[in-house]
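Just so we're aligned: the sequence shown equals residues 137 to 592 in the working numbering.
A virtual CB, placed ideally from N, CA and C, is assigned to each residue, including glycine.
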Amino acid sequence: MRIVVMGAGSVGSYIVSILTDEGHDVLVVEQDPDVLNYVLAENDVMGILGDGTDPDLLREAEIKDADFFISLADDDEVNIVAGNMAKVLGAKFTIARVRSPKYQKNNEFMKTFMGIDYFLNPERLSAISIELTLGYAMASSVESFFHDQVEMIQFEIREDSLMANKTLSDITKYGLLNKVLITIVDRDKKIFIPGGSFKIMPHDNVHVVGTPYDLRQLYLREFGSKTDIKSTLIIGASRISYYLAENILQKGYDVKVIEVDENKARKFHHMLQKAVVIHGDGANSTFLAEENFEDYDSAIALTGIDERNILIGLLAQKAGIPEVITRVDNKDLLRVTGVLDIDITVTPIKEAANHILKVIRSKENANEFSISSLYLLEDNEVEAVEFLVLKGSKVIGKTLNSLKIKSDTLIAFLYRAKTGEIIAPNGETILEVNDQVIVITKMKAFENIDDILEGK
């Protein structure tokens, strides 16, 4: 695929690296010569120095031959204008990063009248991810599938877990999983897609898939209801904070937001008047103590500075807050500082990459979207992909045990379009056209459901 990426900042450079790893022909448009030179040195891509809203430059970039144009500048309006121009000049599919709430609330209007096919809002995606995680305080990540009818949570197996020191076959036989499936195991940074003979050990990090109801039963057995989140302290009046607070206030959470910039604090309160907004330094332990920091069930550091968020996370852990979430765009900081035990880190860059890859892969070989959800897990070693079974697929009408499925690849759950059922499949399950299927794999760049087959 020929892909033009405008904007090579932190989001753009990360996405360029992911796209080049998947073998795409990528051209980068960037105004800053130092930024462009860095991206060109790090990736096997071509680049043009200049303004992506200049029609002459877009023609020079041969935008008419581009399968995708992705505008990732820091300014929403620049991304909208560039995406609109690219579409008019012949780009087949345009993606624009647009983060402002005023555009988010008018998403369909913007698509219709601005000629942009897909609006990307990493901050809103991150807020949704955090909101899901708050439902499972002891989980380190939560992903959703089938429009939230199936979820996947990650947690560490405790010493006293009933599943510890048992094979998956025994765990299933004793009814410890019920309709839930263990799909990925991270053991000392070694990643496994486990089979029936695999033994689950204490301190394994496992990804478990099931319906919200069944996962909730498993979660309560493993951790109890005392871990439920009822109050949240958010540090930083960022865009993520706005989207998150707006959603969890509607669910009845007790929410307080702390912002060091007085003008930003006033503006945030004006936008979201139901939130309690305090002007103060959320990285100051004395100030936090005055705000009864330790009484909250969760603390979420969402400032725009990674180092500040890590510091706040450490203060929250020291205060004994059960759930600590930090925004960290540069995860190397966690390794360099040795701070690897903060409960959860959220990375808008990664959320953006997941959704861009979903769109690109889905559109490569189909006139309709073949991928509904895509998550890069375990430092991109594993992918969880929700496929739509399109007409003409080789898997239709065949039992799963008759299919030659690639190694380290697992069909976890399926949504039967014909009946609306959520099914935990077995060897006798037959896939039908328009079914949606969750695939867990260590393979790379699956574009449609047939890619699970050997020899494909």
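Beta bridge counterpart(s) of residue i as assigned by DSSP
i, result
"Val286", "Phe281"
"Glu459", "Ser434"
"Ile365", "Beta-bridge pairing links Ile365 to no other residue."
"Thr326", "Just to set this straight, residue 326 is Lys in the shown sequence, not Thr. Arg323."
"Asn399", "None; Asn399 has no bridge partner."
"Glu557", "Arg552"
Residue i versus residue j: straight-line alpha-carbon distance, rounded
i, j, result
"Asn466", "Lys534", "45 angstroms"
"Thr308", "Lys315", "9 angstroms"
"Ala435", "Pro169", "39 angstroms"
"Asn516", "Asp201", "30 angstroms"
"Gly418", "Tyr378", "17 angstroms"
"Lys366", "Asp211", "35 angstroms"
"His160", "Leu512", "18 angstroms"
"Glu295", "Leu354", "16 angstroms"
"Val162", "Ser333", "43 angstroms"
"Gly372", "Lys400", "9 angstroms"
"Gly556", "Leu550", "10 angstroms"
"Thr248", "Ile558", "34 angstroms"
"Ala437", "Gly226", "42 angstroms"
"Gly591", "Leu526", "19 angstroms"
"Tyr389", "Ala455", "20 angstroms"
"Leu270", "Lys335", "29 angstroms"
"Gly440", "Ser374", "7 angstroms"
"Asn242", "Glu583", "30 angstroms"
"Val464", "Gly528", "43 angstroms"
"Asn420", "Met246", "41 angstroms"
"Gly183", "Leu172", "7 angstroms"
"Ser305", "Ser361", "28 angstroms"
"Leu424", "Leu351", "34 angstroms"
"Glu564", "Gln386", "43 angstroms"
Sequence-distant residues of its chain with Cβ nearer than 8 angstroms to residue i (five each side left out)
i, result
"Thr545", "Ile329, Val575, Ile576, Thr577, Lys578, Met579, Ile588"
Proximal residues to residue i (C-beta, below 6 angstroms), its chain only, five neighbours per side dropped
i, result
"Glu158", "Ala581"
"Lys392", "Leu369, Val412"
"Ile394", "Ile371, Ile414, Gly416, Gly418"
"Val321", "Phe328, Pro330, Asp340, Val342"
"Ala452", "Ala435, Val460"
"Ala218", "Met142, Gly188, Thr189, Ser207"
"Asp253", "Phe229, Thr230"
"Ala209", "Gly143, Asn215"
"Arg497", "Ile507, Glu583"
7 angstroms Cβ shell around residue i - same chain, five flanking residues per side excluded
i, result
"Leu493", "Ile154, Leu510"
"Tyr150", "Ile485, Ala489"
"Thr156", "Val162, Asn179, Asp180, Val181"
"Ala520", "Glu279, Met288, Tyr511, Leu513, Ile574, Ile576"
Rounded Cβ spacing between residue i and residue j (contact assumed at less than 8 angstroms)
i, j, result
"Gln572", "Leu524", "6 angstroms"
Proximity test, Cβ basis, 8 angstroms: residue i and chain D
i, result
"Met299", "Looking at the structure shown, chain D is missing, and only one protein chain is on hand."
inquiry  = Under 8 angstroms: do the segment 249 to 263 and the segment 229 to 239 share three or more Cβ pairs, one atom per stretch?
reply    = yes
query = Per the contact definition of three or more C-beta pairs closer than 8 angstroms, is the segment 271 to 290 in contact with the segment 327 to 347?
reply = yes
message = Counting beta carbon pairs with one atom in the segment 172 to 191 and one in the segment 210 to 230, are three or more of them shorter than 8 angstroms?
response = yes
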